[in-house]
Structures are given as C-alpha cells and as structure tokens.
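Undergrad: Mind looking over this structure? Questions follow.
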Amino acid sequence: MSSLRLYLLGIGIVILLVIYFFGRKREEDDSHDVFADISATHSDPLLKDEPSQESPSLPEAAEPDQFVGDMDLVPDLEPIEPEAVIQENWQESEFSLQPEELEPLSADYDGLGAEAEVVPIIDESPEPASPPLQLVIMYVVAPEGQAFPGEAVLKAFHAHKLRFGALDIYHRFTNSSSDAQVVFSISNMHEPGTLKPSDLVTAEISGLSFFMKVPAPNNARVAYDDMLHVAQHLASTLGGSLYDDGMELLDNDTISHLRSQLARA
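So the sequence shown is residues 136 to 400, counted in this note's numbering.
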C-alpha cells in the first residue's frame, strides 16, 4: 500500500505542476489580449447565440516604452482625410455619369441633315437623228379611174428637157455631155416601169414615179427642188395629184421637212 500511495502522490504532484505551468502561461497571454476578461464559456463572441450583456473591459494602457522598438519599423505616413477622398470620388463619378454635359465636337456638319435639294435631271443629249435619206420619192397620179395620155406625157418630158436613158426611163442630167450624171429619174408606176418613147405615143399612163438618190451629184436640196418643180408642173398639166412616198398628198409641211433633211445631207 505504501508504494501505491507514493505512486498516486507522484501523479498528483505532476498534475499540479502542469496546472501551474499552463495557468502561468495563460496569465502572460492575457496581458496582451483585450478579451482576456471574457468568460471561458464565451471565448469567441462571434459564435455566441446571443450577444454578451457586459462590455469587455479593456486592458490597462501599456507603457510607452513597450512599443518604441516596433514604431521604428512603421514609415511616416501623412494622414488621409476620409471626407476629402469621398468628396473627390463623388465628383468624379458624378462627372462620368453625365455625358450630356460634354462639349460637342467642333467639326462643321452644317447642312449634313438638311434635305437634299432635288435637281431635275435634264437630258441634254441630242434627239436621235433621223436616218440619212438614201432615196427621195414622189408620185404624180391620175384621178381614180382615169389615165394620162402617153403623148401628153411625152411632150411634157421634152418641155422640161428630160432625156431618155438607162433602164428605158427618163432622167434629169447635170448637163448635156455624154458623161453627165443623173440628178433624178422618172418611171412608170406600173410594171415593168418603162417609158419607151415609141410606146408613149399610144399608151395611157395611170401614174409616174419621181425618185432621186442621196447624196446627189450636186446640192441635194437644189436637186430636190428641181424634181419637185417638174412633178408639180406635170401634175398641173396632166390633171393629176402629187403624193409623197407613203401615197399621202404632198403638203407644204412634208416639203419643208424634206428640204431640212436634204440641207444636212
């Protein structure tokens, strides 16, 4: 039994030493802990179900010399005024949230959005020219159901100095020489279109065709006027009517138009 008592006594002494050692260290740690006076059951106030009713007591102020060594490691910093920073940030955010206050660009866009002036498009291209004349035709036609006496037609040809020639028809020549050029020609309106002098004595002619090629040997308009003069005289002498190439009565408007075309030929 004595040995058992000694064993239990040794264990008790060890337990007392451990309690004393940890108690001593706890007191040293609490000297720097602002929450040292809080009950052990409330060691972490953030994990409590209800806030503590008693305000924790702050530790006594430490001596100034206690932190002298640590203060040498802290650089000198100028104090920051919180209100000034907040005001500055507020002004910047206010400025950035008001884009309408920005000054407009100085570029000159006058008239950019104005309605475009409608300018009528005028086609200044010249009117398409009429195709050049290659042949001018007119007719002297006897009244319906009648015919011109061949002998009267032959006399009219001689009166205007028309000459019988190629194709067995009559022609106006530039002169009386053998190498003269044809200005215009006259043929029978009906097949085969010939006007042989020997046949004209006994023939009856229902109509005569006058035609000239363009360009003419001389002035085309002069040649046309000459042909027109002969045709008008035969129509008047033989009692016929003068028609254009479309078998319409040849009026002054058509004559003027043909003259204008021939003047440019």
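Ideal placement from N, C-alpha and C gives every residue a C-beta, glycine not left out.
For the candidate residues Ala338, Leu302, Arg298, whose alpha-carbon lies nearest to that of Asn310?
TA: Arg298
Undergrad: Could you spell out where the beta strand (DSSP E) holding Val318 opens and where it closes?
TA: Taken as a continuous stretch (DSSP letters only), the beta strand (DSSP E) holding Val318 covers 317-323.
Undergrad: Nearest chain D C-beta to Leu141 closer than 8 Å, yes or no?
TA: Chain labels in this structure do not include chain D; a single protein chain is all it has.
Undergrad: Is Phe156 buried or exposed, if buried means 16 or more other CB atoms sit within 10 Å of its CB?
TA: exposed
Undergrad: By Cβ distance, which residues of its chain are closer than 6 Å to Ser322, with the 5 residues on each side in sequence left out?
TA: Ile304, Gly328, Ser344
Undergrad: Can you check DSSP and say which residues form a bridge with Met382?
TA: None; Met382 has no bridge partner.
Undergrad: Just the Cα atoms here: how many angstroms apart are Ser376 and Ile256?
TA: 48 Å
Undergrad: Spell out a yes or no on whether the stretch 278-289 and the stretch 380-397 are touching, meaning 3 or more CB-CB pairs, one atom from each, closer than 8 Å.
TA: no
Undergrad: Is the CB-CB distance between Asp361 and Val317 below 8 Å?
TA: The Cβ atoms of Asp361 and Val317 lie no closer than 8 Å to each other.
Undergrad: Could you pull out every unbroken beta strand (DSSP E) segment of at least 3 residues lying fully inside the stretch 290-378, listed in chain order?
TA: 305-308, 317-323, 342-348, 376-378
Undergrad: Can you name the start and end residues of the beta strand (DSSP E) that Ile272 belongs to?
TA: 270-276
Undergrad: Could you name the residues of the same chain whose beta carbon sits closer than 8 Å to that of Pro278, not counting the 5 residues immediately before and after it, in chain order?
TA: Gly374, Gly375, Ser376
Undergrad: What's the call for Met273, buried or exposed, on a 16-neighbour Cβ count within 10 Å?
TA: buried
Undergrad: If you drop the 5 nearest sequence neighbours on each side, which residues of the same chain put their C-beta closer than 8 Å to that of Leu363?
TA: Met273, Ile390
Undergrad: Grab me the residues of Val203's own chain with a C-beta within less than 7 Å of its C-beta, minus the 5 sequence neighbours each way, in chain order.
TA: Caution is warranted here: a pLDDT of 48 is assigned to Val203, below 50, making its placement in the model unreliable, and no coordinate value can be reported.
Undergrad: Drop a sphere of 10 angstroms on the beta-carbon of Met347, count the other beta-carbons inside from all chains shown, and report buried for 16 or more, exposed for fewer.
TA: buried
Undergrad: Using only CA atoms, which one of His293, Ser320, Asn354 lies nearest to Leu302?
TA: Ser320
Undergrad: How would you call Ile146, buried or exposed, if buried means at least 16 neighbouring beta carbons within 10 angstroms?
TA: When all chains shown are included, Ile146 counts as exposed.
Undergrad: As a quick exercise: from Ser313, Gln396, Ile150, Val275, pick the residue whose alpha carbon is nearest that of Ala366.
TA: Val275
Undergrad: Quick one: Cα of Ser371 to Cα of Ser313, how far?
TA: 31 Å
Undergrad: Out of curiosity, what's the CA-to-CA distance linking Arg399 and Leu270?
TA: 15 Å
Undergrad: Please say whether Leu369 and Ala291 have beta carbons closer to each other than 8 Å?
TA: yes
Undergrad: Going straight from the alpha carbon of Ser395 to that of Phe308, what length do you get?
TA: 23 Å
Undergrad: Compare the C-alpha of Leu330 against each of His306, Ile150, Gly381 and name the closest.
TA: His306
Undergrad: Check for me: the alpha helix (DSSP H) holding Ala282 runs from which residue to which?
TA: Where Ala282 is concerned, there is no enclosing alpha helix (DSSP H), because DSSP gives it neither an H nor an E.
Undergrad: If you draw a straight line from the C-alpha of Gly342 to the C-alpha of Met382, how long is it?
TA: So the alpha carbons of these two residues sit roughly 12 Å apart.
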